Amino acid sequence: MWHDYLGGIIQHHCTDTDINHAVQITGYDYNGYIWYWIVRNSWGTSYGDNGYLYIKMGDNLCGVANSPSFVVI
């Protein structure tokens with residue numbers, strides 16, 4: 001799925017069970033219709049939107065809510 005990402009907000013067809021890659025959720029936003037996560041990938045700035053992709057919130061698309069980790073400072 002992510003190898004073919006060309007832009008926009010991922011809203012469908014992204015499994016929450018076949019997890020094999022870690023990313024950083026750096027924020028969230030609302031485009032007037034959809035709340036979505038702002039996600040930084042590790043594949044460099046030539047990937048997606050300058051290294052970022054966007055995933056619809058609320059449906060655990062791509063398994064973003066399966067095993068979250070975070071830093072406490």
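For the record, in the sequence shown the residue sitting at position 1 is 1 according to UniProt numbering, with numbers rising by one throughout.
For glycine and all other residues, C-beta sits at the position ideal for the given N, C-alpha and C.
As the structure is a computational prediction, the values presented were derived from the model and not from experiment.
Within the same chain, and ignoring the five residues on either side of Y47 in sequence, the residues whose Cβ sits closer than 6 Å to its Cβ are N41. Judged by their CB atoms, I10 and Y54 are nearer to each other than the 8 Å cut-off. In this structure, I34 sits near K56, with a CB-CB distance shorter than 8 Å. If you draw a straight line from the Cα of N50 to the Cα of Y5, it comes to about 12 Å.
G8 and A22 have their C-alpha atoms some 20 Å from each other.
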